[in-house]
Amino acid sequence: MSEPRSKAQHRRRRSRTALAVGVPLALTAAGTFTYGTDLGLLGSSGRQASAAAPAWAADTADGFASVNSLGQNGTYGGRGGKTVTVKTLADLEKYATAAEPYVIVVAGTITMNPVGKEIKVKSDKTIVGQGTAGHIVGGGFFLGQGVHNVIIRNLTIRDAYQGIWNDKDHDFDAIQLDGAHHVWIDHNDLRHMADGLIDVRKDSTNVTVSWNKLSDNNKTFGIGWTENVKTDITIHHNWIRETEQRNPSTDNAAHAHLYNNFLEDAPGTAITSAYGNYSRGGTKMVLENSLFQGVKNPVIKDSGAAVVQRGNSFSGTSGRNESGGTAFDPKSYYPYTLDKAADLPAVLKAGAGPRASIGTTAAVTKAAAATTLTVAQDGSGQYRTVQAAVNAVPANNPARVVITVKPGTYRELVKVPANKPHVTIQGTGGSRKDTTIVYNNASGTPKPGGGTYGTGGSATVAVEADDFQARNLTISNDFDEKANQNIKDQQAVALRTAADKVFLDGIIVSGDQDTLLLDTASKDRLGRVYVSNSYVIGNVDFIFGRATAVVDKSVITLKKRWNGTSAGYITAPSTAANRKGILIANSTVNGDVSAGSFYLGRPWHAGGDASLDPQTTVRNTNLSSAVKSTPWTDMSGFSWKDDRFAEYGNYGAGAGPASTNRPHLTDAQAANQEVADWLAGWTPSAS
């Protein structure tokens with residue numbers, strides 16, 4: 011077992027003031043605190059920020075990333091370089107791979123192309139999200155051998171998942187380090203990737219991972235992949251939840267200091283923990299004041315590894331909880347301050363993940379605060395219901411209003427009327443499952459004043475305003491068909507949209523029959539909808555309507571009917587002639603249903619309108635065996651062959667060759683049925 015390196019090899023970086031670790035941003039004075047300057051983080055080494063640079067651009071790392079070694083004095087990223095704002099993949103890659111230092115502000119959603127792309131970041135870079143708007147979707151960042159002095163901060167990196175956990179074919183990480191050093195990964199939201207959220211590999215060292223949300227993944231955080239014992243890493247104030255393994259797995263780390271992390275395996279979630287913190291090989295680990303809640307095998311170690319535990323708390327855990335051996339004294343390398351383990355849920359739920367105060371100027375932060383409304387059931391927000399917040403949006407508001415909804419189940423009906431455009435409803439939890447808006451009206455449910463709601467009127471959430479966005483939440487209709495067999499019309503909509511430029515990003519829409527109604531304000535009005543990185547769950551016509559709608563990079567989950575049978579239809583378009591209908595692209599169709607039991611779609615001529623020309627195209631999508639070999643069928647006397655139904659480039663057990671009953675687009679036809687053709691000049695971006 012190797013011994014800790016001497017202090018001569020690990021000199022502390024000189025600074026005017028020690029970092030005040032353990033003070034979450036959310037617990038400081040709103041609108042006045044700037045992380046970095048107020049904590050005295052402007053060290054004497056490295057480039058100095060220009061006077062005009064925002065305070066966060068001068069922030070530097072704590073932990074092992076702050077320690078002088080390998081010719082690098084601390085980690086300060088692109089400080090002193092030019093600050094650039096990027097909104098496209100081309101610009102992000104241009105500046106991240108440049109030789110010179112840059113502070114790169116990501117000001118919107120950037121989707122990786124192809125899926126799984128990892129930008130090869132060069133040294134001396136800060137890549138930071140603008141407030142909470144910076145999203146990297148379907149890929150991430152790679153830091154190769156010798157890359158150093160890099161800060162990745164305040165970003166949401168998400169949704170490279172390809173439908174199979176523990177996926178050996180898609181090594182799509184959020185952040186991968188192979189031989190890099192002096193890297194600070196801070197205040198990010200990393201989730202739902204195809205492989206690891208963070209991989210620190212091949213003797214990468216002087217790494218600090220702090221104040222991140224890590225969730226909704228199989229492999230969270232792996233460290234090692236070498237027989238050498240060289241890696242020095244600090245992992246603190248991270249909220250790790252709904253993950254299975256590598257939380258983290260730390261193999262052959264010379265010094266691994268883990269403190270004030272909150273590992274949570276919440277009951278009833280889709281992913282169950284296999285183990286928590288794992289000390290492997292020759293690792294020397296110090297584990298302090300962390301909280302393990304509901305985690306199986308919370309702390310485990312190999313026979314040759316060391317784990318020194320101090321001040322940790324365990325609630326509802328089971329299995330192995332191990333310690334032993336000798337490690338090191340972290341305070342001989344850098345200063346730090348511990349929070350109490352019992353305080354971590356409050357501290358991290360308030361302070362982990364992207365912050366509005368990072369990546370923006372003071373003026374931008376102030377403006378954002380003026381247009382943000384907060385909903386919380388417990389009274390800690392401005393409103394207790396989502397509808398109350400919507401009601402507070404002024405009529406004909408000229409700029410975006412963001413309604414942030416704290417975790418909880420909100421049993422209510424929500425309507426965003428046509429005179430309230432530019433509204434975003436956004437959950438603030440670590441998972442899209444944490445915030446749920448749900449109700450249980452069906453088409454045939456009696457209304458208090460007489461009559462019934464009808465299909466459109468049954469919606470839990472109804473959106474009639476243009477430029478609407480929803481993200482990081484669940485919208486559900488939990489109408490119980492079995493318990494309400496006396497109600498004839500059992501269509502029960504979770505979400506109805508009747509507007510243009512609707513962006514549904516990273517959400518779950520759940521129901522049975524008629525889950526997601528994508529409509530337009532009227533037959534002659536355009537209504538574009540972009541559904542990305544989301545889950546849509548149902549069984550009968552559960553993606554339907556006359557909108558020009560794209561379901562992209564999403565999972566369509568088929569469910570059985572109330573009586574346990576497997577039979578259904580995914581789409582029921584009612585497209586107007588000369589418009590585009592429903593496009594499903596780059597997605598996965600799956601679910602626990604019988605093979606050959608579901609159609610891809612059928613034509614809905616609403617009201618018997620023969621002038622309609624329904625359209626569904628399914629392309630480049632993984633189809634499970636549940637899809638019928640003849641995937642289209644007639645509806646209400648209208649033949650699907652008279653309308654527009656086709657496939658292109660699909661794969662999986664449910665895919666099949668072209669035939670008269672299974673039309674495929676030609677390459678030339680497919681070239682005119684891309685996502686961009688559906689969106690017709692509109693580029694959705696998070697705001």
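Residue numbers for the sequence shown follow my numbering, beginning at 11 and rising by one. Think of the CB as a built atom: it goes at the ideal place given N, C-alpha and C, for glycine as much as any other residue. Here the structure is a predicted model, which is why all the values come from computation and not from measurement.
Beta carbon of residue i nearer than 9 Å to that of residue j
i: T347; j: A316; result: no
i: V403; j: K430; result: yes
i: I547; j: I518; result: yes
i: T85; j: Y112; result: no
i: D562; j: Y545; result: no
i: S300; j: F272; result: yes
i: N450; j: N496; result: no
i: M295; j: T260; result: yes
i: F74; j: T236; result: no
i: I167; j: A184; result: yes
i: G87; j: K130; result: no
i: G467; j: A509; result: no
i: G591; j: N630; result: no
i: G555; j: K498; result: no
i: L297; j: N322; result: yes
i: G314; j: G286; result: no
i: E110; j: G91; result: yes
i: R506; j: A469; result: yes
i: A587; j: L622; result: yes
i: A362; j: N248; result: yes
i: R394; j: D477; result: no
i: P458; j: H432; result: no
i: T567; j: K443; result: no
i: G437; j: V415; result: yes
For residue j and residue i, the rounded distance between their alpha carbons
i: D515; j: Y171; result: 15 Å
i: K359; j: W221; result: 10 Å
i: N198; j: R163; result: 6 Å
i: L526; j: P340; result: 53 Å
i: F302; j: F182; result: 27 Å
i: K570; j: P583; result: 21 Å
i: L483; j: I435; result: 9 Å
i: I245; j: V357; result: 16 Å
i: Q683; j: N257; result: 42 Å
i: F655; j: Y579; result: 13 Å
i: E474; j: N543; result: 22 Å
i: V305; j: D275; result: 5 Å
i: V412; j: G391; result: 13 Å
i: I233; j: V239; result: 11 Å
i: R612; j: A557; result: 15 Å
i: A668; j: T627; result: 14 Å
i: G56; j: V160; result: Low local confidence applies: a pLDDT of 32 at G56 is under 50, so the model's placement there is unreliable, with the coordinate-based value given in what follows. In a straight line, the C-alpha of G56 is about 13 Å away from that of V160.
i: N307; j: N632; result: 35 Å
i: A68; j: K511; result: 37 Å
i: A117; j: T643; result: 44 Å
i: V603; j: R201; result: 27 Å
Paired residues, beta bridge with residue i - DSSP
i: N632; result: T598, Y661
i: I146; result: I120, I167
i: V546; result: V519, I566
i: P583; result: G555
i: R535; result: Looking at the DSSP assignment, R535 forms no beta bridge with any residue, so it has no partner.
i: R589; result: Answer is none; R589 lacks a bridge partner.
i: D261; result: R290
i: E274; result: R251, Q303
i: Y269; result: H246, E298
i: Q186; result: F152, D209
i: I195; result: I162, V219
i: R115; result: For the record, residue 115 in the displayed sequence is Val; it is not Arg. T95, V138, per the DSSP bridge assignment.
i: M203; result: Beta-bridge pairing links M203 to no other residue.
i: R506; result: A472, L527
i: E479; result: One detail in the question is off: residue 479 reads as Gln in this sequence, not Glu. Beta-bridge pairing links Q479 to T434, F513.
i: L383; result: I413
Sufficient close CB pairs (3 or more, under 8 Å) joining the segment 68-84 to the segment 351-364: no
Three or more C-beta pairs below 8 Å linking the segment 120-139 and the segment 667-684: Segment contact: the segment 120-139 against the segment 667-684, fewer than three CB-CB distances shorter than 8 Å; contact not assigned.
Contact between the segment 317-333 and the segment 182-192 (3+ Cβ pairs under 8 Å): Flag = no, the segment 317-333 and the segment 182-192 do not touch.
Completely contained beta strand (DSSP E) runs for the segment 390-443, where each covers 3 or more residues: 411-415, 418-421, 424-426, 433-437
Contact the segment 619-639 vs the segment 656-675: 3+ CB pairs below 8 Å: Between the segment 619-639 and the segment 656-675, the count of C-beta pairs closer than 8 Å reaches three or more; the two stretches touch.
3 or more residues per run - each beta strand (DSSP E) lying fully within the segment 78-103: If we require 3 residues or more, the beta strand (DSSP E) runs fully inside the segment 78-103 come out as 92-96.
Touching by the beta-carbon criterion (3+ pairs, under 8 Å), the segment 594-605 and the segment 646-653: No: fewer than three Cβ pairs fall under 8 Å.
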